[in-house]
Amino acid sequence: MRRTTVFTLLTLLLGRIWGFSIHTPTTRREPTTKVDVSLAPSASSSVEMESSLHPDQQNQSHVTELRSPEEFLSFVDGHEKDALCVVKFYANYCRVCKRTKQTFRRMAHLRSNDTSLKFAVVEIAAMGGPAVKSLGVNLTPFVQIYRNGLCVASFSTGPAHNFRVKAGSTLDLCTERTPADWETFERDFETQIQLNRKAVDALYESIVAEDEEETSKAAIPANSPGKRVVAP
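Okay, so the sequence shown: first residue is 0 according to numbering that gives the first Met the number 0, each after it adds one.
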């Protein structure tokens, strides 16, 4: 202890003489976790745009909640020609999905002037596990973009802080394509596009089969051998 004190005093003395100084080492602190900025707009202009809106306009949702496979099919196939239908798949237990909820809604709000863009979200439980997997959705959050009933983009967004950039840049790329660009794109990725379309068609067929089964059950007479009659 005494030697350390003497050494420190000598060092300070020499420092004054030779013009340098020493810094007492401090305890190293681990870097703090970055605040998730995925809920913030991508640019200051977005902040100004939102702050200038009436509260009712800010709270207005431009995102459709799809609650069944039937609603999903109606959404991706039921819009006007060349419309881009953006679907975010999420899970209630997914933390990243919760963090990106407002990001997606803000994205839809800021692009609401473009009537060719349609936004929707669907919980994977509402779709059913087999249906979701057949569409190629294996992670959440997951985004797919449909055009004329064909899936033209399908990707996992990754961590929350990547959501805005990945989803936004992909959507920008889609909106910038010309009709000629779309023809080339659909030709180059025909295999992947048709694979997804087969899954969509299979989903239609499964719904029709279920409806027919329910109809046939309801049509069986009460005294039919195939239907059990409960005695009063």
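Every residue, glycine too, gets a C-beta built ideally from N, C-alpha and C.
Once the 5 residues before and after residue i are set aside, which same chain residues still bring their CB inside 8 Å of it?
{"i": "leucine 149", "result": "Glu185, Ile192, Asn195, Arg196"}
{"i": "glutamate 64", "result": "Ala119, Val120, Val121"}
{"i": "threonine 183", "result": "none"}
Could you check the C-alpha separation between residue i and residue j for me, to the nearest Å?
{"i": "tryptophan 181", "j": "serine 73", "result": "23 Å"}
{"i": "aspartate 76", "j": "arginine 66", "result": "16 Å"}
{"i": "glutamine 56", "j": "arginine 176", "result": "Bear in mind that the predicted position of glutamine 56 carries a pLDDT of just 40, short of 50, making it unreliable; the figure below should be weighed with that in mind. If you take the alpha carbons of glutamine 56 and arginine 176, they lie about 30 Å apart."}
{"i": "aspartate 113", "j": "arginine 163", "result": "18 Å"}
{"i": "asparagine 232", "j": "histidine 78", "result": "This structure cannot settle anything about residue 232, because the visible part of the chain is limited to 0 through 231."}
{"i": "leucine 83", "j": "glycine 157", "result": "22 Å"}
{"i": "asparagine 91", "j": "glycine 127", "result": "14 Å"}
{"i": "proline 40", "j": "leucine 170", "result": "Any reading at proline 40 needs caution, since the residue's pLDDT is 33, under 50, leaving its predicted position unreliable; the model's value is listed next. Going by the C-alpha atoms only, they are around 16 Å apart."}
{"i": "threonine 190", "j": "valine 136", "result": "17 Å"}
{"i": "valine 207", "j": "glutamate 69", "result": "10 Å"}
{"i": "alanine 166", "j": "alanine 107", "result": "11 Å"}
{"i": "leucine 116", "j": "serine 168", "result": "14 Å"}
{"i": "leucine 172", "j": "phenylalanine 188", "result": "15 Å"}
{"i": "proline 129", "j": "serine 205", "result": "11 Å"}
{"i": "threonine 252", "j": "leucine 109", "result": "Because the chain in this structure spans residues 0 to 231, residue 252 falls outside the shown range and cannot be described."}
{"i": "glutamate 212", "j": "alanine 125", "result": "20 Å"}
{"i": "leucine 174", "j": "threonine 214", "result": "Residue identity check: residue 174 is threonine in the sequence provided, not leucine. Cα to Cα, threonine 174 sits roughly 43 Å from threonine 214."}
Got a sec? Which residues, its chain only, sit under 6 Å from residue i by beta carbon, not counting five neighbours each side?
{"i": "valine 232", "result": "This structure cannot settle anything about residue 232, because the visible part of the chain is limited to 0 through 231."}
{"i": "phenylalanine 141", "result": "Phe88, Ser155"}
{"i": "glutamine 143", "result": "Val86, Cys150, Ser153"}
Under a three-way DSSP split, which group does residue i fall into?
{"i": "valine 136", "result": "coil"}
{"i": "serine 168", "result": "helix"}
{"i": "arginine 163", "result": "helix"}
{"i": "phenylalanine 118", "result": "strand"}
{"i": "alanine 82", "result": "coil"}
{"i": "cysteine 150", "result": "strand"}
{"i": "serine 215", "result": "helix"}
{"i": "tyrosine 145", "result": "strand"}
{"i": "serine 73", "result": "helix"}
{"i": "phenylalanine 184", "result": "helix"}
{"i": "serine 67", "result": "coil"}
{"i": "serine 205", "result": "helix"}
{"i": "threonine 26", "result": "Caution is warranted here: a pLDDT of 36 is assigned to threonine 26, below 50, making its placement in the model unreliable, and no coordinate value can be reported."}
Kindly give me the distance between the Cβ atoms of residue i and residue j, rounded to whole angstroms, as I take these residues to be in contact under 8 Å.
{"i": "valine 62", "j": "phenylalanine 118", "result": "5 Å"}
{"i": "aspartate 81", "j": "arginine 146", "result": "6 Å"}
{"i": "alanine 201", "j": "serine 133", "result": "7 Å"}
Spatial neighbours of residue i within its chain, please: C-beta separation below 7 Å, excluding the five flanking residues on both sides.
{"i": "arginine 104", "result": "Ser60, Val62"}
{"i": "tyrosine 203", "result": "Leu72"}
{"i": "threonine 239", "result": "Residue 239 lies beyond the range of the chain shown here (0 to 231); nothing can be said about it."}
{"i": "serine 111", "result": "His61"}
Is any beta-carbon of chain D found at less than 8 Å from that of residue i?
{"i": "cysteine 150", "result": "Here chain D cannot be found, since the structure has a single protein chain."}
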